[in-house]
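Chemist: If you're matching positions, the sequence shown starts at 234 in this note's numbering and goes up one per residue. Where is the CB? At the ideal position from N, CA and C, for every residue including glycine.
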Amino acid sequence: MLALFAVASGALYRHGAADLYTLLAGQEMKAGRYRQALVLLDRALAHCATNPDSHYARGESLYALAANTSAAAECLELLLQARSAYAEATRLEPLEGNAWLGLAQTCWWLSRFEGHRDEGGNAGPYFENALEIDPNNGKFLFQALSHCLDTGDPGRCRSYLERLALAFPRAYQELTRLPGWNESLETIFRNQLENAARSPLTRRDALTVLTRIAAARADWARAIRLTRELLAETDPGQRSGLLLQLGRHDLKTGDLAQAKAAFLDALKEAPNRRQGLQGLLRACLDAKALPLYLELCEATARFDGLVRKDLPLLQAQGYLTAGEPEPAALLLRRYLETGESAEARAQLAELALRRKDWDTAELESQRATVLVPKNGLYHDLFIRSLQAQGKTASALEAAERAARQVDQGKDRYFSLQATLHWQSQHYRPALEAWQAAHELAPRNSRYLLDMARAHRHLGDRAAAEHAYTAALAIDPADPTPRAELQSLRAGTP
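(1) When the distance is taken between beta carbons, is tyrosine 289 closer than 8 Å to alanine 322?
(2) Between which two residues does the alpha helix (DSSP H) containing glycine 353 stretch?
(3) Are the Cβ atoms of serine 473 and alanine 499 separated by less than 8 Å?
(4) Can you say whether serine 409 is buried or exposed, counting buried as having 16 or more other CB atoms within 10 angstroms of its CB?
(5) If I measure Cβ to Cβ from glycine 249 and keep anything under 8 Å in the same chain, skipping five residues before and after, which residues do I get?
(6) For proline 402, is the classification buried or exposed, using 16 other Cβ atoms within 10 angstroms of its Cβ as the cut-off for buried?
(7) Quick one: is valine 540 buried, meaning 16 or more other Cβ sit within 10 Å of its Cβ, or exposed?
(8) Quick one: complete alpha helix (DSSP H) runs, 4+ long, within the region 509-596?
(9) Is leucine 705 near proline 714, with beta carbons less than 8 Å apart?
(10) Which of the three DSSP states, helix, strand or coil, is assigned to phenylalanine 346?
(11) Let's see if you can read the secondary structure: which residues bound the alpha helix (DSSP H) around valine 639?
(12) What's the call for proline 545, buried or exposed, on a 16-neighbour Cβ count within 10 Å?
(13) Cβ atoms of leucine 514 and alanine 495: under 8 Å apart, would you say?
(14) Could you spell out where the alpha helix (DSSP H) holding asparagine 415 opens and where it closes?
(15) Measuring CB to CB, does threonine 486 end up less than 8 Å from threonine 460?
(16) Using the rule of at least 16 other Cβ atoms within 10 Å of the residue's Cβ for burial, across every protein chain shown, is valine 603 buried or exposed?
(17) Please list, in chain order, all residues of the same chain as alanine 585 whose beta carbon is under 6 Å from its beta carbon, the five residues on each side excluded.
(18) Would you report the Cα separation of threonine 652 and alanine 663, rounded to the nearest angstrom?
(19) Determine, using beta carbons only, whether alanine 258 and leucine 273 come nearer to each other than 8 Å.
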């Protein structure tokens with residue numbers, strides 16, 4: 234009895250240890266540390282070699298490592314090991330669909346290597362094994378379809394495509410990115426989506442995709458009808474996005490009255506109506522319907538106090554964006570009579586910059602920076618107005634102040650300081666400012682390139698070479714630092 238208890242206890246310990254190591258390996262895999270995961274999985278299998286989960290996780294790790302290597306020989310070796318791991322997982326647990334999927338994908342990839350072409354014949358049956366276990370699994374169907382498109386099996390492609398449309402309509406966007414995707418396949422998928430729209434389980438997803446396809450084809454009447462069907466399926470209070478979509482489709486047909494009704498219904502449900510109006514501005518201008526935007530602002534002001542308060546500002550923004558400065562300036566001045574506003578000051582500064590009225594631009598943008606010091610846009614307008622007047626010293630001071638005050642994008646203002654110093658032939662301060670920008674944004678290779686040029690100008694060839702090399706490490710595809718580094722090493726100017 235004691236012996237049996239000892240045996241059972243030992244088996245329980247081994248299985249428990251294997252499960253623990255497999256669990257820890259899963260965490261390493263989620264973090265992208267696949268080699269560390271393999272170490273843990275080897276320990277798991279040392280405790281229990283018959284755990285299918287450990288073999289499957291080992292296959293996943295090896296497959297991921299193969300995908301991340303550029304060396305063909307190493308990739309092939311990793312794939313062969315992955316195939317063995319997946320095969321063992323399916324032997325130990327034949328009803329694990331993910332393991333069959335991994336085995337199918339690995340064989341498909343192996344078939345691209347010389348000497349392993351026959352592996353491609355195994356992929357199809359393995360995909361079928363996965364689908365026998367879970368016939369409506371969107372991931373399995375998508376990968377099986379991808380394989381069919383790659384190998385050219387039209388009959389099976391159609392079957393997978395129709396099943397995928399019924400099971401997972403939202404796969405459409407990914408399908409359009411497949412190399413073998415064409416108009417004929419889209420027609421099959423679209424027709425089957427009509428059937429999916431009749432099922433309560435997939436109706437909403439199918440209608441969403443059908444609407445998107447209709448809009449992409451500029452079939453606005455159909456897009457409007459489908460959007461209305463979606464609205465009928467949506468609870469009140471959650472329809473704002475669909476109503477905005479309906480209004481945009483109405484705009485495309487030129488039905489401004491219907492568009493206005495849809496937009497107003499959307500705004501009534503929107504949590505932030507001011508932001509909602511700003512989002513509609515571009516759609517109205519694209520439809521050459523600025524009056525519609527102005528009417529929407531006025532109509533929304535009747536049921537929203539914040540919009541009513543900022544109505545002149547919102548309408549001024551419409552005129553400003555549409556390129557009508559006179560009514561915009563009039564509304565902004567009228568708005569400022571009721572109280573101070575950084576946004577209004579900034580818009581007046583922008584108008585002044587367009588008219589090359591540098592004094593007004595400087596005055597208004599400076600007021601905006603005083604009212605809201607953390608807003609980078611206001612600082613940008615102020616600095617632009619100073620640069621336009623050739624006030625380099627003042628622009629430099631403004632950039633320094635912006636770097637202290639803004640919450641985001643501080644590195645830009647250090648870079649701007651560097652540029653202004655460089656233009657004034659103050660090369661050492663320029664270098665220091667670019668170094669400060671680099672410390673705030675270490676992945677921006679442009680700052681390293683500017684630092685390298687400054688070092689080179691100051692005669693520090695070693696520091697310049699180091700900065701060029703660092704820039705290339707961040708962006709190896711950029712030819713500029715490579716060319717300038719070669720020039721430096723060759724001793725040419």
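Modeler: According to the structure shown:
(1) The residue you call residue 322 lines up with position 89 of the sequence shown. The residue you call residue 289 lines up with position 56 of the sequence shown. Yes. Within cutoff.
(2) To locate residue 353, count along the sequence shown from 1; it is residue 120. Here the alpha helix (DSSP H) through glycine 353 covers 353-366.
(3) One-based indexing of the sequence shown puts residue 473 at position 240. One-based indexing of the sequence shown puts residue 499 at position 266. Contact flag set, yes.
(4) Position 176 of the sequence shown, counted from the first residue, corresponds to residue 409. In the sequence under discussion, the amino acid at residue 409 is threonine, which differs from the serine named in the question. So threonine 409 counts as exposed.
(5) Position 16 of the sequence shown holds residue 249. Around glycine 249: no qualifying Cβ.
(6) Against the sequence shown, residue 402 aligns to sequence position 169. Flag for proline 402 reads buried.
(7) As a position in the sequence shown, residue 540 is number 307, starting the count at 1. By the neighbour-count rule (16 or more Cβ atoms within 10 Å), valine 540 is buried.
(8) 523-534, 538-542, 544-554, 558-569 and 575-588
(9) Numbered from its first residue, the sequence shown carries residue 705 at position 472. Numbered from its first residue, the sequence shown carries residue 714 at position 481. Against a cut-off of 8 Å, the Cβ pair of proline 714 and leucine 705 comes out as a contact.
(10) Residue 346 sits at position 113 when you count from the first residue of the sequence shown. If DSSP states are grouped into helix, strand and coil, phenylalanine 346 belongs with coil.
(11) Here residue 639 is taken as the residue at index 406 of the sequence shown, counted from 1. Taken as a continuous stretch (DSSP letters only), valine 639 belongs to no alpha helix (DSSP H), as it is neither H nor E.
(12) Against the sequence shown, residue 545 aligns to sequence position 312. Result: buried.
(13) The count along the sequence shown starts at 1 and reaches residue 495 at position 262. The count along the sequence shown starts at 1 and reaches residue 514 at position 281. No; because the gap between Cβ atoms is not below 8 Å, this pair is not in contact.
(14) Stepping through the sequence shown from its first residue, residue 415 is reached at position 182. From DSSP, asparagine 415 is part of no alpha helix (DSSP H); its letter is neither H nor E.
(15) Numbered from 1 along the sequence shown, position 253 holds the residue referred to as residue 486. Numbered from 1 along the sequence shown, position 227 holds the residue referred to as residue 460. No. Outside cutoff.
(16) Numbered from 1 along the sequence shown, position 370 holds the residue referred to as residue 603. Flag for valine 603 reads exposed.
(17) Residue numbering aside, residue 585 sits at position 352 when the sequence shown is read from its first letter. Contacts found: Thr593 and Ala594.
(18) Within the sequence shown, the letter at position 419 stands for residue 652. Within the sequence shown, the letter at position 430 stands for residue 663. Going by the C-alpha atoms only, they are around 7 Å apart.
(19) Counting from 1 along the sequence shown, the entry for residue 258 is found at position 25. Counting from 1 along the sequence shown, the entry for residue 273 is found at position 40. Going by C-beta atoms, alanine 258 is nearer than 8 Å to leucine 273.
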